[in-house]
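A.B. asks: Below are the structure tokens for one structure; questions will follow.
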Amino acid sequence: MDKKDLILECTKEIEESIDFEFFKTLFDPVRCDIIKYLAINGANNIKDISENFAQDRSVISRHLDLMHRHGIVNKTKENRSIFYELNDKYILEKFELTATNLKKLIHQ
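End of the sequence shown sits at 108 in UniProt numbering; the numbers just go up one at a time, nothing left out.
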């Protein structure tokens, strides 16, 4: 295997070991602030969450929808409101899985 093939193989293994879309979603500055807000305040609806941010409510709503698609937050419908809650266990599991996968790659 030449150097170019080795680099391609290593890149492929890294991409398979890390959920880049999850971490890209997680580490957006606004989303990090939303995570902090939910960690401190617990489950809240979009109205209460968006009142604490400079961005328009629709922008915060789109952030929350993306975070939900990646498992970062859970959403629960109560009557006519949707409540968002930090899915901290899942986030920690993702970090642990990524660390485990990277350790395996390093020790190959």
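Ideal placement from N, C-alpha and C gives every residue a C-beta, glycine not left out. Computed from a predicted model, the values in this text were never measured in an experiment.
Can you round the beta-carbon distance between Ile72 and Arg57 to whole angstroms, since I take them to be within the 8 Å contact cut?
C.D. replies: Actually they are not in contact, since the Cβ atoms of Ile72 and Arg57 sit about 19 Å apart, beyond 8 Å.
A.B. asks: Check whether the segment 4-15 touches the segment 80-95, taking contact to mean three or more Cβ pairs, one atom from each stretch, closer than 8 Å.
C.D. replies: Touching, no, given that fewer than three Cβ pairs across the two stretches are closer than 8 Å.
A.B. asks: Whole angstroms are fine: how far does the CA of Phe83 sit from the CA of Asn101?
C.D. replies: Between Asn101 and Phe83, the C-alpha separation is close to 33 Å.
A.B. asks: For the putative contact between Leu66 and Thr25, defined by C-beta atoms under 8 Å, what is the C-beta separation to the nearest angstrom?
C.D. replies: Indeed, because the Cβ distance is near 6 Å, the residues count as touching under 8 Å.
A.B. asks: Considering only C-alpha positions, which residue in the set Asn79, Asp88 and Gln55 is nearest to His68?
C.D. replies: Considering only alpha carbons, the answer is Asp88.
A.B. asks: Since Ile82 is in the alpha helix (DSSP H), which residue starts that stretch and which ends it?
C.D. replies: No alpha helix (DSSP H) holds Ile82; the beta strand (DSSP E) holding it covers Ser81 to Leu86.
A.B. asks: Tell me which residues share the same chain as Ala43 and place their Cβ nearer than 6 Å to its Cβ, disregarding the 5 neighbours each side in the sequence.
C.D. replies: Phe83 and Glu85.
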